[in-house]
Each structure stands twice: as structure tokens, then as C-alpha cells.
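2 protein chains.
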Amino acid sequence: MIEKILTTPSLPTVRRLPTYLRLLKELQDEKQHYVSSTYIAERFQLEPIQVRKDLAAMGIVGQPRLGFAVTELTCAIMQFLGWNNASEAFLIGAGNLGSALAGYSGFADYGLNIVAAFDVDKSKIGTRIHDIKVFPLQKLPDLALRLHVHIGILTLPAAAAQTTTDMLVQAGITAIWNFTPVKLMAPKGVIVEKVDLAASLAVLSRSVKEKLPLKIAQGA
Amino acid sequence: MIEKILTTPSLPTVRRLPTYLRLLKELQDEKQHYVSSTYIAERFQLEPIQVRKDLAAMGIVGQPRLGFAVTELTCAIMQFLGWNNASEAFLIGAGNLGSALAGYSGFADYGLNIVAAFDVDKSKIGTRIHDIKVFPLQKLPDLALRLHVHIGILTLPAAAAQTTTDMLVQAGITAIWNFTPVKLMAPKGVIVEKVDLAASLAVLSRSVKEKLPLKIAQGA
Numbered sequence: 001m002i003e004k005i006l007t008t009p010s011l012p013t014v015r016r017l018p019t020y021l022r023l024l025k026e027l028q029d030e031k032q033h034y035v036s037s038t039y040i041a042e043r044f045q046l047e048p049i050q051v052r053k054d055l056a057a058m059g060i061v062g063q064p065r066l067g068f069a070v071t072e073l074t075c076a077i078m079q080f081l082g083w084n085n086a087s088e089a090f091l092i093g094a095g096n097l098g099s100a101l102a103g104y105s106g107f108a109d110y111g112l113n114i115v116a117a118f119d120v121d122k123s124k125i126g127t128r129i130h131d132i133k134v135f136p137l138q139k140l141p142d143l144a145l146r147l148h149v150h151i152g153i154l155t156l157p158a159a160a161a162q163t164t165t166d167m168l169v170q171a172g173i174t175a176i177w178n179f180t181p182v183k184l185m186a187p188k189g190v191i192v193e194k195v196d197l198a199a200s201l202a203v204l205s206r207s208v209k210e211k212l213p214l215k216i217a218q219g220a
Numbered sequence: 221m222i223e224k225i226l227t228t229p230s231l232p233t234v235r236r237l238p239t240y241l242r243l244l245k246e247l248q249d250e251k252q253h254y255v256s257s258t259y260i261a262e263r264f265q266l267e268p269i270q271v272r273k274d275l276a277a278m279g280i281v282g283q284p285r286l287g288f289a290v291t292e293l294t295c296a297i298m299q300f301l302g303w304n305n306a307s308e309a310f311l312i313g314a315g316n317l318g319s320a321l322a323g324y325s326g327f328a329d330y331g332l333n334i335v336a337a338f339d340v341d342k343s344k345i346g347t348r349i350h351d352i353k354v355f356p357l358q359k360l361p362d363l364a365l366r367l368h369v370h371i372g373i374l375t376l377p378a379a380a381a382q383t384t385t386d387m388l389v390q391a392g393i394t395a396i397w398n399f400t401p402v403k404l405m406a407p408k409g410v411i412v413e414k415v416d417l418a419a420s421l422a423v424l425s426r427s428v429k430e431k432l433p434l435k436i437a438q439g440a
């Protein structure tokens, strides 16, 4: 029984979905055909009502006594996230971090495919980092248009982050994965997802230096 | 004028420090000797009182009319974070992501030095990833003790994350950088800093798939 329920998915809901997917994959491997929201909730220290809401946001409700069909739920989440079709992304900044990310084949599990890299450094342009070709940054708008790419992974120096973001937005990029330490300004409709490695490292080094058990603000 | 003020640094304060450091470095390059909390606040869309509190937590107060001495402030933050002395860290999991992080020389800027990698995969043990030697996981407790390493970077498969964390804690690791999608349990006194790449990617793919401008919960 699949019912389409009109709910707007919240950002915390979307963030939890990969965790559910991981459990569903485990259950599939164990030949389990159904799973209850109570079981999912227990595994991840969530409230069952929260889990049911998350799944309802994807148009899936459970069957009484049986729970959720594992295969159906997996397909629904994959489709909801667009992970059954690979999303193509541009890597902007072919330095150390960009190169590290380009070499991370784990992204393929999440349907992310880096199709081209960009840099302003002439010594990098024309080379390949982990098989991904590096183009001059000014070619980006043209390639974004031709390849219909809407995701940009930002791994360039902080000083160039905002001006490059403005250029990306102009070029039709609507989702930016920001690995720079800069708090980027982007117009409404463009999502910026920040991974601040420097801030994370500050927390770790400080806690080790002082042996102070700092309180964790975000969920560990 | 340096006054030692006894305040407990909050986690958000610690997370902002690398941003301040970056600005201070810019100012040093521009031969600016003083900076006001108002200027810092404006640059990062913060409240001036917040900036003053952050800096006071490190025992630094500004001088009337002049503001904060750039060099002094830089040293104080570096010392506060322990970034003037390199922190040594272990990498646990020598797979794709581990290898990508091992190759990221940017960590050196933040005083992080990966001294050894660990894995259970026999084909990896004894090899080197970006010049870092891969040891069998069971050697970790002994090496942690001998090398006084307290930071562990977790880049192994989700299924092994919790049991390995328990082992790390036993071995005296007090700061864990968790790149796995697992919500780890650790005793009080051990800090777990999570970087959830899968959750970030879920947000990006979903926003591109639906062209829905999802609200951003955390600061972009």
C-alpha cells in the first residue's frame, strides 16, 4: 500500500535518509522483507513518530502489523534523492582537497559523478586529476549549459570563494557543496551545503590540547 | 594589554576561530597591526559582542581605540587551538576516503599530522598511502601509547565504526573525527566530531532533483 501524502520534506529529514538507506541495505542482505518504524527508530535513537514522518514525506506509509516493505522503501528513498540516476557535478579547484575528493570513488554510491574539474592555475589546466580533466575556470558557464550540470563542489582558496560562487550561480549551478571556510552568499533557490573541515579540526585540536570535554552542539 | 579572563570556551566559539585566523593572516599580509571587533564582526556577519566574547575566551581583550593587536591575537588563537604544535593523528581505514584524506596536505596548515594509518585488510597492511604507512588495526593500542596519539580519523565502513570506536577509546584516543555515517557512542570526555558526507550529498541531490529551494538549517 503506497499512499501519496503531500508533505514538504524538511532538511533534517533529507539528512537522515542515507542512514535509513544503509539500514535497508543491511536488511536486504539479511533477506528481511519488512521493517517497522519502531525498529528503525531504535537503531538510530530516534522517535518512531519521527521515522514515520520522514518516510511519509516520501509518500510511503507502512502496512499494519507488517511495517514497511524493504525493497519498496529503498526504491522510494533512492528515487526521492535522485540517487538512482547519477547526478553530475563540477569540481571547482583542482588543488589538494579537490584532488582528494576527485579520487574518492565512494561518491558513486551516492549517485554523484564528477564530470569535470576547473582551475585558474595554468599548470593544472589540461591535466587530469584521477581521470577527471581540468578546464580553465572561464569555460565553466559554457560547459554547465551544454552538460546540464547543476552541482558545484567548491574546493578553492577562501579568497576566491565568493566571486566564484557568483559566477557559478550565473552559470545555472543551483547546489553548491562548499568545502571552503567562507560563509557564502547565494540567492534564494541556490542551496549551499557547507563542510567546514577547519572548524571541525579546531574542535578536535582544542579538546585534545586542553583535555576539556567540550559539549557537542551537533549530533555526534 | 593581555588580561587572563576565566571563561569556558563554547563549541561555537571554537568553530569560529579558524575563520578569525584566516582574516588575521590577511591583515598581516596587508601590514595592518590592529583590528577592531566591529570590523571582524562585519566581515563575518556576527555581532561585535560575540566577537569580543570569543576573543575574551582566549584571554585576549582589545585596547581602547586601537582594537586588538593582530600578531598577539594570532598567537593567542594558535596557542589556544594547539595549532602552533602539530597534533599527531591516526587514520583508521585506508580505503578510498582515508586515502583521499591522507593525500590532503592542507591539514598541515591546521597543525594536523597523520602519522600512521590502520586497516584490517591484509592487502593494504604494509603498503603506504601518500607516504603514510598502513599498520594492522590490532597494533593501534600499542602505537597510541608509544606515540602519545590522541586523535583518530575514522574512515572505515559503517559496520565496523562502533566496535572500532570502543577500541580507540580503550587505547586512549580522546578526539574522534568521524567520517562514517554512524552516530557513534563514546564515553564522556571523548569528543566525536562528525563529517557526514552522505547526509550533505542527500541535501544537494534532492535540491537539484526537485529544484526545491530547501531551507538551510545550519549556517551556509
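Line by line, the protein sequences are chains A and U. All letters in the first sequence, in the order written, are residues 1 to 220 by my numbering. All letters in the second sequence, in the order written, are residues 221 to 440 by my numbering. The beta carbon of each residue, even a glycine, is placed where N, CA and C say it ideally should be. A quick note: this is a predicted structure, and the numbers were derived from the prediction, not measured.
Whether residue i touches residue j by CB criterion (8 Å)
| i | j | result |
| --- | --- | --- |
| LYS183(A) | GLN265(U) | yes |
| PHE310(U) | PHE338(U) | yes |
| ALA161(A) | PHE135(A) | no |
| ILE297(U) | SER319(U) | no |
| THR165(A) | ALA186(A) | yes |
| VAL51(A) | ILE411(U) | no |
| GLY302(U) | LYS124(A) | no |
| ILE334(U) | HIS370(U) | no |
Of the residues the options, the one placed nearest residue i, counting alpha carbons only
| i | options | result |
| --- | --- | --- |
| VAL120(A) | ALA94(A), PHE107(A), LEU143(A), GLY98(A) | ALA94(A) |
| ALA391(U) | MET405(U), ASN398(U), PRO377(U), GLY372(U) | GLY372(U) |
| SER230(U) | GLN248(U), LYS273(U), VAL415(U) | LYS273(U) |
| GLN358(U) | ASP351(U), GLY331(U), LEU388(U) | LEU388(U) |
| ILE132(A) | ALA41(A), TYR104(A), ARG146(A) | TYR104(A) |
| VAL415(U) | GLY331(U), GLU246(U), TYR259(U), THR375(U) | THR375(U) |
| ALA419(U) | ASP109(A), LYS209(A), LYS124(A) | ASP109(A) |
| LEU421(U) | LEU112(A), HIS150(A), GLU30(A) | LEU112(A) |
| LYS245(U) | ILE260(U), VAL234(U), ILE312(U) | ILE260(U) |
| ASN316(U) | LEU27(A), ALA102(A), GLN32(A) | ALA102(A) |
| PHE327(U) | TYR34(A), PHE107(A), PRO141(A), LEU197(A) | LEU197(A) |
| VAL35(A) | GLN79(A), VAL70(A), ASP142(A) | VAL70(A) |
| HIS253(U) | GLU413(U), THR233(U), GLY282(U), ALA276(U) | GLY282(U) |
| PRO232(U) | LEU275(U), GLN248(U), LEU243(U), LEU247(U) | LEU275(U) |
| ARG235(U) | LEU247(U), PHE300(U), ASP362(U), ASN304(U) | PHE300(U) |
| ILE92(A) | LEU140(A), GLU193(A), GLN28(A), ASN84(A) | LEU140(A) |
Residue burial classification, residue i (beta-carbon count within 10 angstroms, cutoff 16)
| i | result |
| --- | --- |
| MET222(A) | Beyond the ends of chain A as shown, which are 1 and 220, falls residue 222(A); an answer cannot be given. |
| HIS368(U) | exposed |
| GLY346(U) | exposed |
| LYS122(A) | exposed |
| ASN178(A) | buried |
| LYS4(A) | Because LYS4(A) sits at a pLDDT of 45, beneath the cut-off of 50, its placement in the model cannot be relied upon, and the point is left open. |
| ALA395(U) | buried |
| SER37(A) | buried |
| LEU286(U) | exposed |
| LEU434(U) | With a pLDDT of only 45 at LEU434(U), under 50, the local geometry of the prediction cannot be trusted, and the value read off the model is given with reservation. Result: buried. |
| ALA379(U) | exposed |
| ILE269(U) | exposed |
| ALA437(U) | Because the pLDDT of ALA437(U) is 41, which lies under 50, any placement of that residue in the model is unreliable, and the number read from its coordinates should be weighed accordingly. Burial call: exposed. |
| THR163(A) | exposed |
| GLU262(U) | exposed |
| ARG366(U) | exposed |
| GLU30(A) | exposed |
Integer Cβ distance of residue i from residue j, believed to fall under 8 Å
| i | j | result |
| --- | --- | --- |
| PRO401(U) | THR19(A) | 6 Å |
| ILE235(A) | GLU72(A) | Beyond the ends of chain A as shown, which are 1 and 220, falls residue 235(A); an answer cannot be given. |
| THR74(A) | LEU21(A) | 7 Å |
| SER307(U) | SER205(A) | 5 Å |
Distance cut-off 7 Å: residue i Cβ against heavy atoms of the ligand ZN
| i | result |
| --- | --- |
| PRO141(A) | Ligands in the displayed structure: none, and consequently the ligand ZN is not present. |
Near-chain U residues of the stretch 143-173 of chain A (beta-carbon distance less than 7 Å), N- to C-terminal order: HIS150, ILE151, ALA158
For the stretch 272-289 of chain U, list every residue whose C-beta sits within 8 Å of some C-beta in chain A, in sequence order. none
Compile a chain-ordered list of the residues in the stretch 323-356 of chain U whose CB is closer than 7 Å to at least one CB of chain A. GLY323, TYR324, SER325, GLY326, TYR330, GLY331, LEU332
With 9 Å as the limit, tell me which residues of the stretch 174-197 of chain A have their beta carbon closer than that to any beta carbon of chain U; keep them in chain order. THR174, ALA175, ILE176, TRP177, ASN178, PRO181, VAL182, LYS183, LEU184, MET185, ALA186, LYS188, GLY189, VAL190, ILE191, VAL192, GLU193, LYS194, VAL195, ASP196, LEU197
Note down, in chain order, all residues in the stretch 14-27 of chain A with a beta-carbon under 9 Å from any beta-carbon belonging to chain U. VAL14, ARG15, ARG16, LEU17, PRO18, THR19, LEU21, ARG22, GLU26
The stretch 309-323 of chain U: which residues have C-beta closer than 9 Å to a C-beta of chain A, in chain order? ALA309, GLY315, ASN316, LEU317, SER319, ALA320, LEU321, ALA322, GLY323
The stretch 249-267 of chain U: which residues have C-beta closer than 8 Å to a C-beta of chain A, in chain order? PHE264, GLN265
Residues of the stretch 288-305 of chain U in Cβ contact with chain A at a cutoff of 8 Å, in chain order, please. PHE300, LEU301, GLY302, TRP303
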